[in-house]
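Comments concern the structure below.
There are 4 protein chains.
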Amino acid sequence: MNTILLNCDIGESLGPWTMGNDSEVMPYLDCANIACGFHASDPQTMRATVALAARHNVTIGAHPAYPDLVGFGRRSMACSADEIVALMLYQIGALDGICRAQGTRVKYVKPHGALYNDMMSDLRILRAVFLAVSRYDADLRLMVMASKDNRAALALSAEYGVPVWFEAFADRAYTASGHLLSRNLPGAVHHDHETIVRQALTLARGHALIASDGSALQLQADTLCVHGDNPSALAAVQEIYQALGRELAA
Amino acid sequence: MNTILLNCDIGESLGPWTMGNDSEVMPYLDCANIACGFHASDPQTMRATVALAARHNVTIGAHPAYPDLVGFGRRSMACSADEIVALMLYQIGALDGICRAQGTRVKYVKPHGALYNDMMSDLRILRAVFLAVSRYDADLRLMVMASKDNRAALALSAEYGVPVWFEAFADRAYTASGHLLSRNLPGAVHHDHETIVRQALTLARGHALIASDGSALQLQADTLCVHGDNPSALAAVQEIYQALGRELAA
Amino acid sequence: MNTILLNCDIGESLGPWTMGNDSEVMPYLDCANIACGFHASDPQTMRATVALAARHNVTIGAHPAYPDLVGFGRRSMACSADEIVALMLYQIGALDGICRAQGTRVKYVKPHGALYNDMMSDLRILRAVFLAVSRYDADLRLMVMASKDNRAALALSAEYGVPVWFEAFADRAYTASGHLLSRNLPGAVHHDHETIVRQALTLARGHALIASDGSALQLQADTLCVHGDNPSALAAVQEIYQALGRELAA
Amino acid sequence: MNTILLNCDIGESLGPWTMGNDSEVMPYLDCANIACGFHASDPQTMRATVALAARHNVTIGAHPAYPDLVGFGRRSMACSADEIVALMLYQIGALDGICRAQGTRVKYVKPHGALYNDMMSDLRILRAVFLAVSRYDADLRLMVMASKDNRAALALSAEYGVPVWFEAFADRAYTASGHLLSRNLPGAVHHDHETIVRQALTLARGHALIASDGSALQLQADTLCVHGDNPSALAAVQEIYQALGRELAA
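Residue numbers (our numbering), protein chains in the order written: chain A, 1 to 250; chain B, 1001 to 1250; chain C, 2001 to 2250; chain D, 3001 to 3250.
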């Protein structure tokens, strides 16, 4: 079995509003995608989140987003490539500043919500994202969505010298072309833990998934996106963790 | 004559709104206090401002503020020490991220507006400011206001290992205790360029000023705060520059 | 027993972040202090909150605050009287716009958090608050804190023609001067439901409370502030409701 | 000649940042589209802008926008119909609150920037805009862009009982289908005042324009959009005003 990294969106509380169960899910994670204040979080929350990740030796990633707290960064905004480069550098730098003050560093970047979706469907935006990451620090990785055809991401990875991690989902159905089945369609989200764990293992073993039309779908998955924002999701993370043969440090 | 550094608040435009004449004043500056998005500026403006400062070899400082665009960071906010540390790390990091992407770095920090005033009148806040700067990077300097009695700042400078630059003003009258005369009082602001240039030279030579009550006031001034936001201020900067025996690079 | 109104801060969710149990506490309220987007809430949350209040025939009040989402309006900001008038008119109008679209109206105003505290301790701010309310609509009431000496509020009420509701707390200890005992002191907050209900009844009957120094404290209480943000608080509201001899509509 | 109303975007300053020459252009306007704090302006600026409009007897319109100060409301955001209704009610109400406090009222609504463009190209959004205006107040008008085919707007106007004003531009070239020629194409914006005034008169007389392909384009224009944000634009407004046979009140 390959080593597949478990990543999770983390640190999405805001001022007095809490979201997620960060302290409960953190022990099971390899990578924490930490919100940077544009779709969620604030400077104090970011400090506490970085401290929590560091305590568990979890690799810290910046989770930059469009500037939209009320919409949680889920509403696409018509930003220019220059605007995207700038807002990413700002957010990565802000989180990295908070990391440096605690003796750690941002190690990778995963765009959030609508920015993530937009970069996967618009090459102009994907290029801006690669440019921002490469400009910030040559050692940063970028997390992008695994698809049936990863050539665009791989070409930009080579062009900008930014290594990528391909991300897959254990709790979502895929279309034959390797995209997530729309949430509006039945069966788009797996709720059954057995199904979720089986899909996680299939991805970790590098085997093909069965797409929504029944065809085989081979995805390169370096990392699995898990969720910790409700008890059922948290339990699923623990089951995946166990199925992967991992054990929590004593 | 000592070398006295000319510093100026820079990069205070916001989206479509412009403020100041950054490109005209930049050639005369040693230090640019660059807004970080909380009282002014935005990621794109910050990128352009860093590029302008770098082009003129001007030392870049972070100019963090309370989160208050509408009030331009001039309204004091009752923040805890922890909140101040966090918002400073966030803003310094964001600007430094944009600097790194251009091959340069933030070299010092000057708090803005109400945060600057609050740190000079409240030791608890001054301590939080020193803590934030020291945590971010041991090599950063902090710009604080020169006063008749600098012992508190010097003690914290030693405690946190953060070197300070003391700042004085050429266009403001001082009280006998070394504070700025309130803007509500007559004569608080010098408009006459001859007076401004004379005060700049007095400070640069390390001589005593005449305070508002006629007494002699000795200030340690490592840097002079100048302004570039209107034609008269810009002309005053040029006259100070010349009087200090400086010459623009060809 | 007097009729004492039960009021509660309501509608303090924000985008994807929920706060409080609005639908559970609403049936027990007379007055809902609805957040207006500056310390909490957003336009959609405001629409849903107004609809909920209207469904339960609860009187709608605007709950304006300083512009500070991250600090939840709890950090005092040094605003001028003009700024306070303007930000109150903006927030009252925004909520009233949402009310009008549902065939209802804002009937009163209760400033939130630091703005509430500041108006009770600074006459200049209290005057600005009265001015804003009177300018908006001559029929609006203002909710202010009942104190041992209500003369300042009563004088401004007469001067501006704005009727007031005096508010008291069933779950807080009072000083002899009629202020809330600081939360930093032991016994400041009552957690025992029996104590809370007893204090509610004492206030409703117009009897004197026992202040923290043992003296009798007579407060004029037109309304009690209750909370619905946790199960215990919600249970306390229900017990107060019952003790006051109220019954939910079938 | 028909009476054609001159409308202008007004009140787009923000805190310390000024934009436009509101006091100079106001005397020539019939209708002021006043920013509501989402793309520009703030509560104090709104108060001053309403006072200025009222002083000149200029009809006040709300100019609601997507929540995007840095992008000045010019970046399209993927908002749901419900979100658009809510953010419009909020902004209309906020401005109307400030109007009521000065004895005046919002009389019409003109969406700003990307929201304006989106409503003209997406019927779902146009419907949400009509719904918001009708819900707020049955007497409000809505300003929409005149096109060659106004049937969609007229049908929604009838369905929601919201009268419309069709808006045309004197300084922009039109395509044969009645859309504005893209700013990326040569000749899209008229800079020559003679051309601008001639187009204004053509529209006011109800005559056909010559579209960019040379064909005749008949537009129903109830109002002309003018600009006051630079000296040339201001001079053009004055020339249009004179050409329309208007005279400033003594």
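Cβ coordinates follow ideal geometry from the N, Cα and C atoms, glycine included. Here the structure is a predicted model, which means the values were calculated and not measured.
query = Below 8 Å, can you find three or more Cβ-Cβ pairs linking the region 2213-2226 of chain C to the region 2173-2188 of chain C?
reply = yes
Cα-Cα separation between D1146 (chain B) and A1035 (chain B), rounded to whole angstroms = Reading the second sequence from its first residue, position 146 is the one you call residue 1146 (chain B). Reading the second sequence from its first residue, position 35 is the one you call residue 1035 (chain B). Inspection of the sequence shows that residue 1146 (chain B) is occupied by Ala rather than by Asp. Cα-Cα distance, rounded: 22 Å.
Paired residues, beta bridge with E3012 (chain D) - DSSP = As a working mapping, residue 3012 (chain D) is identified with position 12 in the fourth sequence. In DSSP, E3012 (chain D) forms no bridge with anything.
message = Quick check: the Cα distance between L2185 (chain C) and L3052 (chain D), rounded to an integer number of angstroms?
response = For the purposes of this step, residue 2185 (chain C) is identified with residue 185 of the third sequence, where counting begins at 1. For the purposes of this step, residue 3052 (chain D) is identified with residue 52 of the fourth sequence, where counting begins at 1. Cα to Cα, the separation comes out at about 51 Å.
message = Suppose the cutoff is 7 Å on Cβ atoms and the five residues either side in sequence are ignored; what does the same chain contact list for A2128 (chain C) look like?
response = Mapped onto the third sequence, residue 2128 (chain C) falls at position 128. Within the same chain, A2128 (chain C) has close Cβ partners A2081, I2084 and V2085.
message = Restricting to runs no shorter than 3 residues, where is the beta strand (DSSP E) found entirely within the region 2112-2187 of chain C?
response = Fully enclosed beta strand (DSSP E) runs of 3 or longer: 2141-2145 and 2164-2169.
request  = Give the interface partners of L2069 (chain C) over in chain A, defined as CB-CB distance under 8 Å, in chain order.
outcome  = The sequence position of residue 2069 (chain C) within the third sequence is 69, counting from 1. Neighbours of L2069 (chain C) on chain A, chain order: L14, G15 and L69.
key: Rounded separation between R100 (chain A) and A3200 (chain D) - CA only   = Taking the first residue of the first sequence as 1, we reach residue 100 (chain A) at position 100. Taking the first residue of the fourth sequence as 1, we reach residue 3200 (chain D) at position 200. Each residue's Cα considered, the two are about 60 Å apart.
message = Among D:L3181, D:A3078, D:G3071 and D:E3167, whose alpha-carbon lies nearest the alpha-carbon of S3212 (chain D)?
response = Taking the first residue of the fourth sequence as 1, we reach residue 3212 (chain D) at position 212. Comparing Cα-Cα distances from S3212 (chain D) to each of D:L3181, D:A3078, D:G3071 and D:E3167, the minimum goes to D:L3181.
Alpha helix (DSSP H) segment containing C2099 (chain C), residue limits = As a position in the third sequence, residue 2099 (chain C) is number 99, starting the count at 1. Taken as a continuous stretch (DSSP letters only), the alpha helix (DSSP H) holding C2099 (chain C) covers A2081 to R2100.
Rounded distance between the beta-carbons of R1141 (chain B) and V958 (chain B), thought under 8 Å = With chain B covering only 1001 through 1250, there is no way to say anything about residue 958 (chain B).
request  = Assuming N2033 (chain C) contacts H2063 (chain C) (C-beta within less than 8 Å), just tell me the rounded distance between them.
outcome  = Counting from 1 along the third sequence, the entry for residue 2033 (chain C) is found at position 33. Counting from 1 along the third sequence, the entry for residue 2063 (chain C) is found at position 63. In this structure N2033 (chain C) touches H2063 (chain C) by the C-beta definition: roughly 4 Å separates them, less than 8 Å.
query = What's the call for L2012 (chain C), buried or exposed, on a 16-neighbour Cβ count within 10 Å?
reply = Start at 1 with the first residue of the third sequence, and residue 2012 (chain C) comes out as number 12. With the sequence shown as reference, residue 2012 (chain C) is identified as Glu, and Leu is not the correct amino acid for it. Looking at its Cβ environment, which holds 16 or more other Cβ atoms inside 10 Å, E2012 (chain C) is buried.
message = Let me check understanding here. Comparing Cα to Cα, which of A:W17, A:L224, A:A243 and A:F166 lies closest to D30 (chain A)?
response = Position 30 of the first sequence, counting from 1, holds the residue named residue 30 (chain A). Minimum Cα distance to D30 (chain A) is reached at A:L224.
query = Are Y2136 (chain C) and I2092 (chain C) close, meaning C-beta to C-beta below 8 Å?
reply = The residue you call residue 2136 (chain C) lines up with position 136 of the third sequence. The residue you call residue 2092 (chain C) lines up with position 92 of the third sequence. Against a cut-off of 8 Å, the Cβ pair of I2092 (chain C) and Y2136 (chain C) comes out as a contact.
ask   = Relative to the C-alpha of A1153 (chain B), which residue among B:S1121, B:R1183 and B:S1076 is closest?
value = On the second sequence, residue 1153 (chain B) is found 153 positions in, with the first residue counted as 1. Nearest Cα to A1153 (chain B) within the set B:S1121, B:R1183 and B:S1076: B:S1121.
message = Can you give me the C-alpha to C-alpha distance between A251 (chain A) and G1097 (chain B), rounded to a whole angstrom?
response = With chain A covering only 1 through 250, there is no way to say anything about residue 251 (chain A).
message = What does the alpha-carbon distance come out to for the pair V1237 (chain B) and H1191 (chain B)?
response = Position 237 of the second sequence, counting from 1, holds the residue named residue 1237 (chain B). Position 191 of the second sequence, counting from 1, holds the residue named residue 1191 (chain B). When rounded, the distance between both Cα atoms is 12 Å.
key: is_contact[M1077 (chain B), chain D] using C-beta, thresh 8 Å   = Here residue 1077 (chain B) refers to the residue found at position 77 of the second sequence. Not closer than 8 Å to any Cβ of chain D, the Cβ of M1077 (chain B) fails to qualify, so no.
task = Check the Cβ of A3114 (chain D) against every Cβ in chain A and list those closer than 8 Å, keeping chain order.
result = By 1-based counting over the fourth sequence, the position of residue 3114 (chain D) is 114. Residues of chain A passing the Cβ test: A78.
query = Under three-state DSSP, which class holds A51 (chain A)?
reply = Within the first sequence, the letter at position 51 stands for residue 51 (chain A). Residue state, collapsed to three classes: helix.
request  = Determine the contact status of G1113 (chain B) and A1065 (chain B), defining contact as a CB-CB distance below 8 Å.
outcome  = For the purposes of this step, residue 1113 (chain B) is taken as residue 113 along the second sequence, with counting starting at 1. For the purposes of this step, residue 1065 (chain B) is taken as residue 65 along the second sequence, with counting starting at 1. The answer is yes: Cβ separation under 8 Å.
task = Can you tell me which of the three DSSP states Y1108 (chain B) falls into?
result = Taking the second sequence and counting its residues from 1, the one referred to as residue 1108 (chain B) is at position 108. In this structure, Y1108 (chain B) counts as strand in the three-state DSSP scheme.
request  = Could you name the residues of chain A that V1098 (chain B) contacts, counting a contact when the two beta carbons are closer than 7 Å?
outcome  = Your numbering for residue 1098 (chain B) matches position 98 in the second sequence. Looking at the sequence itself, residue 1098 (chain B) is Ile, so the reference to Val does not match. Ordered by position in chain A, the residues that pass the 7 Å Cβ test against I1098 (chain B) are L89, Y90 and G93.
message = I believe N3021 (chain D) touches D3229 (chain D) by the beta-carbon criterion, under 8 Å. Please report the beta-carbon distance rounded to the nearest angstrom.
response = Residue mapping note: residue 3021 (chain D) aligns to position 21 of the fourth sequence, counting from 1. Residue mapping note: residue 3229 (chain D) aligns to position 229 of the fourth sequence, counting from 1. Contact flag correct, Cβ pair sits at about 7 Å.
request  = Output, in sequence order along the chain, the residues in the region 1041-1060 of chain B whose CB is closer than 7 Å to any CB in chain F.
outcome  = The structure shown contains no chain F; its protein chains are A, B, C and D.
ask   = Going by beta carbon distance, what residues of the same chain come within less than 6 Å of Y2241 (chain C), once the five residues before and after it are set aside?
value = On the third sequence, residue 2241 (chain C) is found 241 positions in, with the first residue counted as 1. Same-chain partners within the cutoff: Y2028.
key: Where the region 1159-1177 of chain B meets chain A: residues whose CB sits under 7 Å from a CB there   = none
Residue span of the beta strand (DSSP E) that contains V1226 (chain B), given as start and end = Position 226 of the second sequence, counting from 1, holds the residue named residue 1226 (chain B). Secondary structure note for V1226 (chain B): its beta strand (DSSP E) is the uninterrupted segment T1223 to V1226.
query = Would a check of beta-carbon distances place F1072 (chain B) closer than 8 Å to chain D?
reply = One-based indexing of the second sequence puts residue 1072 (chain B) at position 72. Chain D, which has a Cβ nearer than 8 Å to the Cβ of F1072 (chain B), makes this yes.
query = How would you write the range of the alpha helix (DSSP H) that T1059 (chain B) sits in, first residue to last?
reply = To locate residue 1059 (chain B), count along the second sequence from 1; it is residue 59. Not the alpha helix (DSSP H): T1059 (chain B) falls in the beta strand (DSSP E), residues T1059 to H1063.
ask   = So the alpha helix (DSSP H) A1040 (chain B) belongs to, where does it begin and stop?
value = As a working mapping, residue 1040 (chain B) is identified with position 40 in the second sequence. Element bounds for A1040 (chain B): n/a, residue is neither H nor E.
task = Could you pull out every residue in the same chain whose Cβ sits closer than 7 Å to the Cβ of G1015 (chain B), ignoring the five residues on either side in sequence?
result = Along the second sequence, read from residue 1 onward, the residue named residue 1015 (chain B) stands at position 15. If we look at G1015 (chain B) and ignore the five residues flanking it on each side, its Cβ neighbours are D1042.
key: L87 (chain A) to S134 (chain A) span [Cα, whole Å]   = Indexing the first sequence from 1 puts residue 87 (chain A) at position 87. Indexing the first sequence from 1 puts residue 134 (chain A) at position 134. Straight-line Cα distance between these residues: approximately 14 Å.
inquiry  = Rounded to whole angstroms, what is the Cα-Cα separation between R2198 (chain C) and A2208 (chain C)?
reply    = What you label residue 2198 (chain C) is simply residue 198 of the third sequence in a count that begins at 1. What you label residue 2208 (chain C) is simply residue 208 of the third sequence in a count that begins at 1. Each residue's Cα considered, the two are about 12 Å apart.
task = Determine the contact status of N150 (chain A) and F169 (chain A), defining contact as a CB-CB distance below 8 Å.
result = As a working note, residue 150 (chain A) is residue 150 in the first sequence. As a working note, residue 169 (chain A) is residue 169 in the first sequence. Not closer than 8 Å, so no.
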